[in-house]
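Residue numbers (UniProt numbering): 1 to 202.
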């Protein structure tokens, strides 16, 4: 990537107010000329197979699809990958929001890229699924650049190469976990809130 500078997070038609934690896992940071893939939670109403491939015809058999379903802990879907998803279809079924999120993650990982952007990859997952999925993302991204936009961030802190804290669309702080805690800013406050919530759930 390029030298850091203060900026604002933008959407297509204007400024979007954002308060979030951005976690970066990266190999060498350099000008990005390769494909960038973004994870967005989108309910794609088609078969399970087409949800993963989503117009990508690189693979003529389903071996890679099965691997992806294993990785995102949707093994049960392998027995019926032609199953339409969504009640708009005569024989369609509806799945949970967590399963939709795992399908979106599978669709993201199916595409080869140098840079992956994960927008709230754990937002709709239960605790057990969240840990498994985040561990899998980290393993898959070992030789790639991964940017995670995330609010429930406690389980990712030790692995992040860099953490960028956004408040109201502007960069509030940048560093690693220990540095940001010493700054006693927004990151520290969010971290303490999540830590207290975790203790109260035990």
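Think of the CB as a built atom: it goes at the ideal place given N, C-alpha and C, for glycine as much as any other residue.
### Message
What does the Cβ neighbour count give for residue 112, buried or exposed, with the cut at 16 atoms within 10 Å?
### Response
Flag for residue 112 reads exposed.
### Message
Just to confirm my understanding: we take residue 193, look at its own chain, exclude 5 residues before and 5 after, and list those with CB closer than 8 Å. What are they?
### Response
None.
### Message
Taking the straight line between their C-alpha atoms, what separation do you get for residue 110 and residue 175?
### Response
Taking the straight line from one Cα to the other gives about 31 Å.
### Assigned exposure category for residue 196 - 16 Cβ within 10 Å defines buried
Classification for residue 196: exposed.
### Query
Under a three-way DSSP split, which group does residue 128 fall into?
The answer is helix: DSSP assigns residue 128 an H, G or I state.
### Query
Whose CA, out of 66, 191, 115, lies closest to the CA of residue 82?
Ranking 66, 191, 115 by Cα distance to residue 82 puts 66 first.
#### Entry: Residues of its chain near residue 177, where Cβ-Cβ distance is below 6 Å and the 5 sequence neighbours each way are ignored
Closer than 6 Å at the Cβ level, and outside the excluded window around residue 177, lie 157.
### Task
Mind checking who residue 47 pairs with in its DSSP beta bridge?
In the DSSP output, where bridge partners are listed per residue, residue 47 has 84.
### Query
Using the C-alpha atoms, what's the distance from residue 172 back to residue 77?
Approximately 42 Å between the Cα atoms of the pair.
### Query
Between the Cα of residue 104 and the Cα atoms of 89, 69, 189, 184, which residue gives the shortest distance?
Closest option to residue 104, Cα to Cα, is 69.
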